[in-house]
Structure formats: structure tokens, C-alpha cells
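Trainee:
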Amino acid sequence: MTKCGTLSNTNTDTSRTQLATTMATQTIRYEVQLELNKLLDEACAERTAGLPYASAVLVAPEDKTGSDDILWLASCTKLVTTIACLQLVENDTLSLDDSKEVEAICPELKNVMVLMEDGSLVPKIRGITLRMLLTHTAGFGYSFLNGKLNKYKSSRSEDESKQFDEFSGVFEDILQPLVNQPGETFEYGISIDWAGVLVERAARMNLNDYMQRHIFQPLNIRDLSMIPSSQMRTRLVGLWQRNIDGSLSPREYPLSRALDNKNTSDCTHSGGAGLFGSIRQFSKIITALINGGKSPETTSSILSPASVSQMFTNQLPQWPNFARRHLPAAKLDLVYPAEGLYPVCPPSFPQGFGLGCLISPGITGRSDGTVHWTGLSNVFWWLDQQNGIGGVVASQVLPFADPQAATLWVHVETRAYEGLQKTAD
1 MTKCGTLSNT NTDTSRTQLA TTMATQTIRY EVQLELNKLL DEACAERTAG LPYASAVLVA
61 PEDKTGSDDI LWLASCTKLV TTIACLQLVE NDTLSLDDSK EVEAICPELK NVMVLMEDGS
121 LVPKIRGITL RMLLTHTAGF GYSFLNGKLN KYKSSRSEDE SKQFDEFSGV FEDILQPLVN
181 QPGETFEYGI SIDWAGVLVE RAARMNLNDY MQRHIFQPLN IRDLSMIPSS QMRTRLVGLW
241 QRNIDGSLSP REYPLSRALD NKNTSDCTHS GGAGLFGSIR QFSKIITALI NGGKSPETTS
301 SILSPASVSQ MFTNQLPQWP NFARRHLPAA KLDLVYPAEG LYPVCPPSFP QGFGLGCLIS
361 PGITGRSDGT VHWTGLSNVF WWLDQQNGIG GVVASQVLPF ADPQAATLWV HVETRAYEGL
421 QKTAD
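Residue 216 in the UniProt record's numbering sits at position 216 of the sequence shown, and the numbers go up by one each step.
(1) If you measure between the beta carbons of Val397 and Trp409, is that distance less than 8 Å?
(2) Report the CB separation of Leu134 from Leu355 in whole angstroms; it is logged as a contact under 8 Å.
(3) Is the CB-CB distance between Met232 and Ile70 below 8 Å?
(4) Helix, strand or coil: how does DSSP classify Pro399 here?
(5) Could you check where the beta strand (DSSP E) with Gly391 kicks off and where it finishes?
(6) Taking only three categories from DSSP, how would you classify Glu90?
(7) Just list the alpha helix (DSSP H) runs in the stretch 70 to 148, keeping only unbroken ones of 4 residues or longer that don't cross its boundaries, in chain order.
(8) Could you name the residues that DSSP lists as bridge partners for Phe353?
(9) Could I get the ranges of all uninterrupted alpha helix (DSSP H) runs contained in the stretch 195 to 258, with 4 residues as the minimum, in chain order?
(10) Whose C-alpha, out of Ser120, Ala338, Val59, Trp72, is nearest the C-alpha of Val237?
(11) How would you write the range of the alpha helix (DSSP H) that Val308 sits in, first residue to last?
(12) Indicate the three-state DSSP secondary structure (helix, strand or coil) for Thr287 in the structure shown.
(13) For Ser301, collect the residues of the same chain with a Cβ closer than 6 Å to its Cβ; drop the 5 residues on either side in sequence, then sort them by chain order.
(14) Return the CA-CA distance between Lys100 and Gly183, expressed in angstroms with no decimal places.
(15) Can you tell me which residues form a DSSP beta bridge with His326?
(16) Express the C-alpha separation of Glu42 and Gln281 in angstroms, rounding to a whole number.
(17) Assign Val412 to one of three DSSP states: helix, strand, or coil.
(18) Quick check on the DSSP output: the beta strand (DSSP E) that includes Ala54 runs from which residue to which?
(19) Between the stretch 114 to 127 and the stretch 180 to 198, can you find at least three pairs of beta-carbon atoms closer than 8 Å?
(20) Given Cys357, which residues of its chain have a CB within under 6 Å of its CB, disregarding the five upstream and five downstream residues?
(21) Exposed or buried, what is Met1 when buried is set at 16 or more other beta-carbons lying within 10 Å of its beta-carbon?
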């Protein structure tokens with residue numbers, strides 16, 4: 001049976017410094033949990049320039065977890081949307097490689113054009129498949145990473161400052177041109193938002209309802225939602241902005257429409273970044289995937305072992321260095337420039353991309369087949385099926401790739417693997 005230890009330290013002297021630490025593992029010893037808790041304490045110790053909030057959950061194959069603070073999980077949502085897509089593939093509602101099916105369900109994608117560097121538009125030369133959407137090879141970008149999308153939007157608007165806003169909750173903001181020809185390169189973007197639209201239209205229900213019915217309820221997950229309940233909103237920890245001088249300031253959530261009672265009814269459910277919730281509840285998904293898609297708590301399955309295996313299989317072997325390209329920043333309030341998707345992975349280590357997740361070993365002790373992804377608000381999850389461990393390390397600070405948050409992730413993950421080794425010894 002899993003032994004769960006809950007450790008917490010909340011600084012009540014300032015609303016900008018909060019810490020909640022929960023560790024739940026099968027094999028990591030209590031003294032290692034204390035050391036991990038110390039890492040989080042130290043990350044939040046400096047009130048003006050440290051992290052405003054930090055929390056971590058570690059999970060093992062038989063983990064059972066409870067509730068916690070409510071965070072914006074941002075692109076961690078992509079994992080859940082990918083599961084939804086694969087469920088529909090399993091029951092033959094969707095296909096991974098049928099572009100005509102995608103265009104029939106989402107006719108907006110039939111005639112979508114490709115935006116060139118000079119601002120001109122050219123036709124796409126091939127159709128978009130669900131596999132392309134789940135591997136970010138469909139040709140879409142993000143306006144906070146690719147500046148030519150912002151130039152395109154402003155050049156076609158009476159307001160020259162007008163830009164695409166993928167977090168507006170307005171459907172028109174994902175009606176973007178492609179920035180690459182489908183199937184020709186990897187570019188991180190709104191592809192999984194469109195995968196979410198496919199789920200909604202194929203299943204004939206909104207994305208949040210689909211996730212609740214087919215993923216969260218089978219795993220006994222509470223407190224994950226694209227439209228947070230009033231009770232969940234009382235537990236929102238808040239979001240902060242890292243200023244140029246390193247200080248912190250409170251800021252609004254980019255997905256404010258999802259939190260506005262007057263606008264939630266017409267809020268587009270973002271398959272790429274729409275979830276709010278507890279990372280302890282989110283970790284139940286990681287636990288199920290470690291177990292081949294089956295929850296040890298409820299014994300329900302959200303995916304077959306074959307689908308989980310496919311999810312964690314490299315879909316892009318032809319581009320071994322796709323994740324090592326420089327990532328620019330087109331909106332500096334949202335993201336820092338970065339040297340690759342997982343820069344702590346040495347150049348000699350192989351990387352790949354599965355369905356909805358990066359496959360990468362690293363210096364922390366993770367195995368070669370470990371998968372992970374991140375969220376814009378500096379939330380990081382990883383899943384190591386070989387070693388039977390995964391976790392979530394979270395802050396609530398922008399821009400993404402905050403050095404202190406990323407360093408904390410690496411330290412927590414490293415210490416977790418050291419704890420596994422000590423236990424084995």
C-alpha cells in the first residue's frame with residue numbers, strides 16, 4: 001500500500017508567498033520527502049525575487065491522492081486532450097491519419113493557408129491529420145513564440161496593436177493561418193486546441209464535459225475543470241509576473257473569461273491550455289498512465305496499454321534534434337526565449353516526441369523513455385514508466401521558463417531519483 005505524507009508551509013505574512021508541498025510515493029523515504037520540502041521552502045524564501053508559489057507531487061504506480069490548491073495548469077491540459085483523442089481513436093470515432101476526416105469535422109482546416117515570412121499566404125500542399133495535430137507538425141504556431149502571426153493579425157486589423165490571443169476564450173483567436181506546411185517540421189502551437197475541437201464535434205459535447213465524463217470521473221478526479229466552480233475559485237492561488245528587475249507583481253490570469261460568470265457560457269474550451277485544478281488530482285492521470293492506462297484506485301481504465309505505449313513512442317524519428325532549436329519570444333510578458341524545449345538534456349542524449357508529450361532522458365536520473373511536458377505558468381510534469389515514478393512541480397508565475405521555477409523542477413526531480421536509489425540500496 002502507498003504511504004502518503006502531506007507536508008505544508010504557508011507564509012501568511014504576504015499574499016505573494018505561499019507554499020504547499022505534498023509528496024505521495026510508494027518508495028521514497030520520509031527523510032527524502034523532508035529534503036524535497038526544504039527545496040520548495042528555499043525556492044520561496046526570498047519574498048521579492050524568489051518564487052511566489054511552489055508545490056510538488058510525486059506519484060508511484062499505486063498512488064492515491066487528495067485535493068489541494070487550484071492552479072492554472074496551462075499546457076499540461078494537452079496531456080488530457082491527447083488522452084481524449086486516443087479514446088476516440090480506440091472506439092473508431094476518429095483516426096490518426098485520415099486528413100479527409102479531419103477536414104469533414106473541422107472544415108475550417110480544409111482551406112487554411114500557410115503564412116510566409118513576407119506576409120503572403122500560400123495554399124497548403126497536403127491535408128492535416130490528427131497525428132500531425134498531436135505532434136505539433138500540422139503547421140500551426142503560437143503568437144507568443146512566432147512574431148509573424150502578430151504582424152499578420154495587426155496588418156489586417158484597424159487596430160495595429162491587435163494580436164492573436166490564444167487564451168482569450170474566443171474561437172476566432174484560433175482561426176490562424178499555418179506558419180509551416182503540414183508535416184514538414186515541428187512547431188509548438190495551437191494544434192492541440194484544434195484536436196480539442198475535433199473531440200467536441202466528434203463526441204457532440206463540449207470538451208470540459210467530455211473530460212469530466214470519460215477521464216476525470218473514471219479516475220475519481222475532482223477539482224479539474226475548464227470552468228472552475230465557485231468553490232474551486234476560492235482556492236485559486238493567484239498568478240504573478242516576474243518583472244525585468246526580478247521582482248514579482250500580481251497579475252490576472254490570461255484565461256480570464258473562464259473565471260468570469262458572465263462569459264463562461266460562450267467561453268471556448270482550450271484543449272491546449274484550458275484546465276484549472278489541483279496538481280494532486282492531475283497526478284492521478286499520471287498514475288494511471290504509469291499503470292498502462294488503469295487507475296489503481298478505481299480499477300477503471302482511461303486508455304488501453306497499447307494506446308499508452310503508442311502515446312509514449314517517438315513519432316518523429318526523422319527529426320532527432322527538433323527539440324533543440326532556439327525558441328524565440330514574441331510576447332515577453334508570457335515567455336522567455338529558450339535554447340530548446342528541454343535544454344537540460346545533453347546534446348548526446350536522444351529525444352523524441354510521442355503523442356502530446358516530449359520523450360527525453362536527462363541528467364536527473366530519469367530513464368530514456370521518460371515523457372514530460374510543461375505549462376506556461378511554470379507547471380512541469382514528468383512520467384517515467386520504466387522506474388514507476390512521475391510527478392508535478394508547479395509555480396504560478398510568468399513568463400514561462402522562469403529560471404528559478406525551472407531550476408526547482410530539476411532539483412526536485414533529481415532528488416526524487418536519488419531517493420529511489422537510496423531506497424533500493
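For every residue, glycine included, the Cβ atom is placed at its ideal position computed from N, Cα and C.
Mentor: Quick look at the numbers:
(1) Reading the sequence shown from its first residue, position 397 is the one you call residue 397. Reading the sequence shown from its first residue, position 409 is the one you call residue 409. No.
(2) Mapped onto the sequence shown, residue 134 falls at position 134. Mapped onto the sequence shown, residue 355 falls at position 355. So it is a contact: roughly 4 Å between Cβ atoms.
(3) What you label residue 232 is simply residue 232 of the sequence shown in a count that begins at 1. What you label residue 70 is simply residue 70 of the sequence shown in a count that begins at 1. Cβ distance < 8 Å, so Met232 and Ile70 count as in contact.
(4) Numbered from its first residue, the sequence shown carries residue 399 at position 399. Coil, per DSSP.
(5) Numbered from its first residue, the sequence shown carries residue 391 at position 391. Where Gly391 is concerned, the enclosing beta strand (DSSP E) stretches over 389 to 394.
(6) As a working note, residue 90 is residue 90 in the sequence shown. Reduced to three states, the DSSP call for Glu90 is helix.
(7) 77 to 90, 99 to 105, 130 to 134
(8) Locating residue 353 in the sequence shown gives position 353, where the first residue counts as 1. DSSP output for Phe353 lists Leu358 as bridge partner(s).
(9) 207 to 211, 230 to 233
(10) Position 237 of the sequence shown, counted from the start, is the residue given in the question as residue 237. Considering only alpha carbons, the answer is Trp72.
(11) To locate residue 308, count along the sequence shown from 1; it is residue 308. From DSSP, the alpha helix (DSSP H) with Val308 extends over 305 to 311.
(12) Sequence index remark: in the sequence shown, residue 287 carries index 287 (1-based). The answer is helix: DSSP assigns Thr287 an H, G or I state.
(13) Looking up residue 301 in the sequence shown gives position 301. Closer than 6 Å at the Cβ level, and outside the excluded window around Ser301, lie Gly293, Lys294.
(14) Against the sequence shown, residue 100 aligns to sequence position 100. Against the sequence shown, residue 183 aligns to sequence position 183. So the two alpha carbons sit approximately 15 Å from each other.
(15) In the sequence shown, the residue the question calls residue 326 occupies position 326. BP columns for His326 point to Glu339.
(16) For the purposes of this step, residue 281 is identified with residue 281 of the sequence shown, where counting begins at 1. For the purposes of this step, residue 42 is identified with residue 42 of the sequence shown, where counting begins at 1. Their backbone Cα atoms lie some 25 Å apart in a straight line.
(17) The sequence position of residue 412 within the sequence shown is 412, counting from 1. Val412: helix per DSSP, three-state reduction.
(18) Residue numbering aside, residue 54 sits at position 54 when the sequence shown is read from its first letter. First-last of the beta strand (DSSP E) with Ala54: 53 to 59.
(19) yes
(20) To locate residue 357, count along the sequence shown from 1; it is residue 357. These residues qualify, in order along the chain: Val371, Trp373.
(21) Numbered from its first residue, the sequence shown carries residue 1 at position 1. Annotation note: pLDDT 21 at Met1 (below 50); position unreliable, coordinate value reported separately. Under this definition Met1 is an exposed residue.
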